[in-house]
Amino acid sequence: MTVISNLSAIVSEIVLPNTKIAIGGAAMFLKPMEAVREIIRQQIKDLEIITLIGDLDIDLLCGVKAISVLESSFIGLPMIGMAHNFRKSIEEGSGLVFKEWSELSMVRAFQAGAMGLPVTTVRSLLGSDLVKVRPDFEEVVIQNKKYIQVPALNPDLAIIHAYAADSNGNVYYPKQHILDDFSLLPAFCSKQLFVCVEKMISNQEGREIVEQGHIPMFSYLDVDYIAKTPKGAWPTGFPPEYAGDMGHFMTYSGMSRSPETFQLYLQQEIYKEDTN
Amino acid sequence: MTVISNLSAIVSEIVLPNTKIAIGGAAMFLKPMEAVREIIRQQIKDLEIITLIGDLDIDLLCGVKAISVLESSFIGLPMIGMAHNFRKSIEEGSGLVFKEWSELSMVRAFQAGAMGLPVTTVRSLLGSDLVKVRPDFEEVVIQNKKYIQVPALNPDLAIIHAYAADSNGNVYYPKQHILDDFSLLPAFCSKQLFVCVEKMISNQEGREIVEQGHIPMFSYLDVDYIAKTPKGAWPTGFPPEYAGDMGHFMTYSGMSRSPETFQLYLQQEIYKEDTN
Amino acid sequence: MTDYEVIDQLTVSLAREVKNGESCYTGIAIPLAVVSIQLARMTHAPDLDFYYGGYWIQPDLDVDLFTIMTDLDAFKEAFPKAKGFNPLIQLYRYWEGPKHTLDFGIIRPAQIDQWGNINNSVVGNYDQPKVRFPGGAAVGDIINTCHHVLVYIPRQDKRTFVENVDFITGKGVSPEWRRENGLEKYKGITVIVTDLAIFDFQTKDSRMRVRSVHESSTIEEVQENASFSLEIPDPLPITKPPTELEMKVLREKADPLEVRKFDYRPR
Amino acid sequence: MTDYEVIDQLTVSLAREVKNGESCYTGIAIPLAVVSIQLARMTHAPDLDFYYGGYWIQPDLDVDLFTIMTDLDAFKEAFPKAKGFNPLIQLYRYWEGPKHTLDFGIIRPAQIDQWGNINNSVVGNYDQPKVRFPGGAAVGDIINTCHHVLVYIPRQDKRTFVENVDFITGKGVSPEWRRENGLEKYKGITVIVTDLAIFDFQTKDSRMRVRSVHESSTIEEVQENASFSLEIPDPLPITKPPTELEMKVLREKADPLEVRKFDYRPR
C-alpha cells in the first residue's frame, strides 16, 4: 500500500491546491527541502502550510506565492535574521493568512490531532495576545484553573525527511538522533504521510542497521508515499549525515532581499536542470 | 539529585501510606516486582495503586491488603486466569475501592497528566457503563461530536523496571525493546520517578551501550531514585534479558486460591531471607 | 472424514472469518485468537496486516507466535523476519487518530448478550458484585475503533450467553446507537464463534442469530446454553467442518504446541 | 584595567545572573545566550543543568557549543561527554507536566515594554503590520513555565524599549496577574541586560528600573534609548566590568570563535 516512487511523480499526485500540508523539521534541521523545491518547480499554489518552526522552506514558498494559509510559531533564519519573503508577504498585505501559534501550544495541537482529540488545553498561552487574534483559541476554566483551549491539527498530508526506507516501506532513523519530534509530530497527526529518504535499502539491510542501533521509526502501515531524495534536506542539516549549510543560508538571506536576486536564486538553485 | 541507593532504603523513604503510586509494566512484562515484594516485606498499607494492566503485582498487594484505592483497566493473569486475591477483595467487600478504566482511556489519562492537561477526551468509552460508575467520567459535546471526558492522572510516584543506570543517574533501555510505553506512560505523568535496574554501569559504559544501540531513555533530571534489583522484574519478563516465568505464574495461580497456600507463597517467595 | 476436536472447529471457524488484505489486532493474552490468525495467514489470508501484541506487523509465518513471547531466542529471531515493526511508540498512537483504523479485532469476553453488549467487569451489583471479572482492558476500545470485531467464547453456556449483561464493558451492535454517536464506521461485533455454533446479528432488530450449528452439536444444545431465545434460521446451516488441509496446517504449522487449548476447558 | 568590548560586558553580565545548581533552557538560535551559559559554567556555575537545544544536558565544558551544532565530528564527539541526554522525547514532555519546572530560560525579544511584556510578533496593526517579526516560537511559553526569565537585548533603542508593546507575545511581570492566573510560581522576566545597562522590575508597581549602568555608557544614553521614563535608583550603581579572569575564560574557552557577535551589531 505504500507507494515508492520518484519525487516528481509523488508531488504531482498528492500536492494539490488547497492541500493542508504539515512540513517536518525545524530551525534549519531536517526540512524536506527537495520536496519543497519540487513543489516550486511544479508551480503548485494555494497551499495551506503548517510547520512548527519555518525557515528556508517557508520563505521560498512565500517568495513564489504558493501559500494561502500558513500556521507556525516562528518563521525566520535562526542565527541569521528575518525571512524576507515571509515578512514582505505579511507587511505588503499579499493576502497570505498567517495563523500564529506559540511553540508549545502548536506541539500540543499536533499531539491532540494524533490522539483524535478535537481540542486540547495549554496554560503557557495565558496573557498572550495570540488569544485575541486567534478566534479558535478560547480561555476556559477547568477545575477552577484557567487554560487556553486550542484546536487539534489534522493536516491532509505530512512531508518529512528521514534516513532510509526498505523495500517493504518501513522507515529508519539514524541512531542517537536529535530533533526527531519535529518530524514525528506532523507525521502522526496527518491523514497521509510522505517520507523523503536519503536512501532505499533492502528489508534485510534494514534489520542490519537496526541491529547496529538505527531506529525503526515508521512501519509500512504508517507510510503512504516514499521518494528517494539523497541529501534532500540540504541546505538544512540532517545530523549525523550532514550538517546545515550555514554559508548557503547566508547567501540566501542576501539574495532574498530583492525580487531580482530572489529570482536569480530560484533559477540557480531550483529551476536548474534536475541532477538527481 | 538522583538518589542511588538500595531498594529497602528507598522503599522505606518514599512509599508511605496514602502514596499514590503508578506501577510500570503490563501483562506479565516489565513489572518492578522486587519493589513490590519489598513493599510487602515492609508491610506498607493504605496505598493508592495505579497500573494500566495488573497481574501478580496487584494480586500480591491485594492479598496482603496493602491497597486502599486501585485504578486499572485489567487485573488478571493473562493466559492463565483470574487474579484471585484481587477478585476476592472486591467480591468480599473488603473496602478496596476499584476505579476501573478502559485501556485507551487510561493511556490518554497518563498522557494528559504528562502534558499538564487537567482532563482529556476519548470516544471509545461511548456506550460503556464505566461512564455510569465513574463520577469523574463525563459525556461532553465538542464541535457537535460526543466524547467522554476523563481526568488526567498525576500519581505521586512511578515505580518502573529498566535495564541499567549509570553513575550520573541516566537510565538505559535494551535495544529493539518491546512494551516501553507501559513504563514510559506512568514515568512521565508522575511527580517522582523510581527506577529499578538490572545493573549499575559507569557513565562511559552507558555511552558505549548507546553506541551499540541501547536506548538512553531517561536523563538524571527525570529520575529521582534508582535501586539495583538484578532480575527484579521476575517472574514477569524483561525481554531480551529474560522471559516471563510462566511456570511460576501457574504455581502462583494455584497457591493464591486459598489463604493458607497464599501465606505459604509469601513465606517462600517474599519473606524468605533476602539473597541479594 | 477429517478427524478433529471441537476446539479445532472453533479455531478454524474463527480463521475463516479473516479476510486477506485486512489489518487486525489481538492481544497476547488470548492464544486461540492468535492461532486462528496464524492459520488464516497460512491458508487464505497471507497478506493480513497483523499487529501481534502491538509490536510486530505480519510476523514471519514460520515462527510459532506463542514461542516468540515465551522463548527469548525465538523472540530475537522473530524481529528480522517480520514485514514491519512498531517498536517505539505503541499501537496507542493509532487509536482514534486520523491515520489508521484497523479492520478488525478479536476478543474473548466473559459475557455477551443478545444485543452484542459484552461484559468483562462484574456479575451482579457493580459495587458489591457476585463475580468480579478482570476488567475489559481494551475490549471496549476495540469495539468502538475497529471496523468490526470477531468474538470467540470457548465454552458457551447460560452464564456466558446472557439476555442482558449486568454491566456494559463494550457496547453492542445497535446501528441506531452507532449512527447517533457518529460511530457508524465501527459496526461492533459481527460474528461470534463458540464451541457449539456460529452467530451473527443479521436480524431486523440486530439481535443475536444462529448462523450455523457445528456438526458436533445440536440446535437444542445451542439454545439450552443461552439465557435468551435465539433467532434460528430455517433451514439451519451446519458449520463446515475443518478440512483436511486446515487440520494439517493447524496441527503441523499454525499450532504444533496446541496453544489453542490454553483458553479452552472441554465440557 | 581589563580590556573588553560592550558585547563582552553584555555576555559577562548575563553569565553572572546564572546561579550554580539551577536548571535552564535556551534555544540554539541565540548564540550570545549559549555563550553566557558556557561562561557561567566555566566560572561560578559548574553544576548548572543546561538543556542545550533540548538535547544535551550539561554538555562537556571543553566542547565549543556552537561547533557542536555546525560540525558533525564535534557533534558526534559531544554526546558521550554530556552528563545527561534527552534524546527520544524532547523537552516538550516537561512543559506544564508535574515533574519539572526549569529554573530559568534566556530569551532575546524583539521588543520589551516597561511592564516586562515582550513582543516578537508585529509592529503596528496585527493584520496589516508595519513590521512582521518572525514570531515568538517558545518565548511566551518559557515566560509562563520557567521560574524566571533572563532577557538580553544586544542593542537597546527606542524601538526595542517601548512604552507598551503593540502585541503581547509573552506576558509581563505583573504579580497580581500572575496570582490571579495561578502562575505565581513563574515570575516572568526578572533581569534585562542590554549593551547599555542592566534592568529589573524591583519597583512597587513592578515597572522597569535601571539596576546598574555599564561603565561604557551614561544614564542619559540609557534613558534616551528607551521610549518610556525609566526608574533610576539613587545612588546609581555602575555595572561591575568584566574581570580579567572572566575575559580570559570568555576569549580562550567559552567563545574562542566569537560566536557571541552573531547577534550583535555595534552602534
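Residue numbers (numbering that gives the first Met the number 0), protein chains in the order written: chain X, 0 to 275; chain R, 0 to 275; chain W, 0 to 266; chain F, 0 to 266.
All C-beta atoms in this analysis are idealised placements derived from N, C-alpha and C, irrespective of residue type, glycine included.
Owing to the predicted nature of the structure, the values given are computational and were not obtained by experimental measurement.
Spatial neighbours of residue i in its chain, beta-carbon cut-off 7 Å, leaving aside the 5 residues before and after
i	result
Gly135 of chain W	Asn119, Ser120, Thr168, Gly169
Asn143 of chain F	Lys170, Leu182, Tyr185
Asn224 of chain F	Gln155, Asp156, Lys157, Phe160, Leu195
Asn275 of chain X	Per-residue confidence for Asn275 of chain X stands at a pLDDT of 46, beneath the threshold of 50, marking its modelled position as unreliable; the derived number appears in the next sentence. The answer is none, since no qualifying residue turns up.
Lys198 of chain R	Ala163, Lys227, Pro229
Cα-Cα separation between residue i and residue j, rounded to whole angstroms
i	j	result
Ser12 of chain F	Asp194 of chain F	10 Å
Val170 of chain R	Pro31 of chain R	15 Å
Lys98 of chain F	Ile208 of chain R	27 Å
Gly24 of chain X	Leu156 of chain X	14 Å
Ile74 of chain X	Ser88 of chain X	12 Å
Met249 of chain R	Val150 of chain W	26 Å
Trp233 of chain X	Ile200 of chain X	21 Å
Val14 of chain X	Ile43 of chain X	7 Å
Thr238 of chain F	Phe181 of chain R	53 Å
Gln266 of chain R	Ile231 of chain W	56 Å
Ala34 of chain R	Gly231 of chain R	8 Å
Glu16 of chain F	Ile188 of chain F	12 Å
Tyr251 of chain R	Leu263 of chain R	11 Å
Glu259 of chain R	Asp45 of chain R	23 Å
Arg256 of chain R	Asn84 of chain R	8 Å
Ile3 of chain R	Ala44 of chain F	24 Å
Tyr125 of chain W	Phe132 of chain F	59 Å
Glu47 of chain X	Glu204 of chain X	37 Å
Leu249 of chain W	Tyr219 of chain X	28 Å
Glu162 of chain F	Val190 of chain F	17 Å
Residues near residue i by beta carbon distance below 6 Å, same chain, minus five either side
i	result
Ala14 of chain W	Ser35, Leu38, Ala39
Pro236 of chain W	Ser211
Asn202 of chain R	Asp165, Ser166, Asn167
Thr50 of chain R	Ile22, Ser71
Lys190 of chain R	Asp155
Reference residue i, options the options, closest by Cα
i	options	result
Glu210 of chain X	X:Thr250, X:Glu91, X:Lys174	X:Lys174
Ala28 of chain W	W:Gly96, W:Thr42, W:Ile105	W:Ile105
Asp156 of chain F	F:Thr202, F:Tyr91, F:Gly83, F:Ile111	F:Ile111
Ser7 of chain R	R:Lys19, R:Gln41, R:Ala26, R:Phe261	R:Gln41
Val10 of chain R	R:Tyr264, R:Leu192, R:Glu197	R:Leu192
Ile158 of chain R	R:Pro185, R:Thr120, R:Cys61	R:Pro185
His213 of chain X	X:Val106, X:Ala242, X:Glu99, X:Ala164	X:Ala164
Arg122 of chain R	W:Gln57, W:Phe227, W:Ile191, W:Asp140	W:Asp140
Ile117 of chain W	W:Tyr125, W:Val172, W:Pro153	W:Val172
Pro265 of chain W	W:His147, W:Pro153, W:Cys145	W:Pro153
Pro239 of chain X	X:Asn17, X:Phe28, X:Tyr224	X:Phe28
Lys144 of chain X	R:Asp135, R:Lys19, R:Val118	R:Val118
Val148 of chain F	F:Trp176, F:Glu251, F:Ala32	F:Ala32
Val194 of chain R	R:Met216, R:Arg133, R:Gly205, R:Arg206	R:Met216
Beta-carbon proximity check, residue i vs residue j, cutoff 8 Å
i	j	result
Asp199 of chain W	Arg206 of chain W	no
Ser101 of chain X	Ala196 of chain F	no
Phe187 of chain X	Gly83 of chain W	no
Glu245 of chain F	Thr42 of chain F	yes
Leu95 of chain R	Ile57 of chain R	no
Beta-carbon proximity list for residue i, same chain, < 8 Å, skipping 5 on both sides
i	result
Pro30 of chain W	Phe65, Val258, Arg259, Phe261, Asp262
Glu37 of chain R	Leu6, Ser7, Val10
Glu243 of chain F	Thr1
Cβ-heavy atom distance, residue i to the ligand COA, below 7 Å
i	result
Tyr251 of chain X	This structure lacks the ligand COA, and indeed carries no ligand of any kind.
Quiz item: Does the stretch 201 to 217 of chain F come close enough to the stretch 3 to 23 of chain F to have 3 or more Cβ pairs within less than 8 Å?
Solution: yes
Exercise. Answer yes if the stretch 123 to 140 of chain X comes into contact with the stretch 176 to 188 of chain F, meaning at least three C-beta pairs across the two stretches below 8 Å, and no otherwise.
Key: yes
Quiz item: Do the stretch 137 to 156 of chain X and the stretch 111 to 118 of chain X touch if we need at least three Cβ pairs shorter than 8 Å?
Solution: yes
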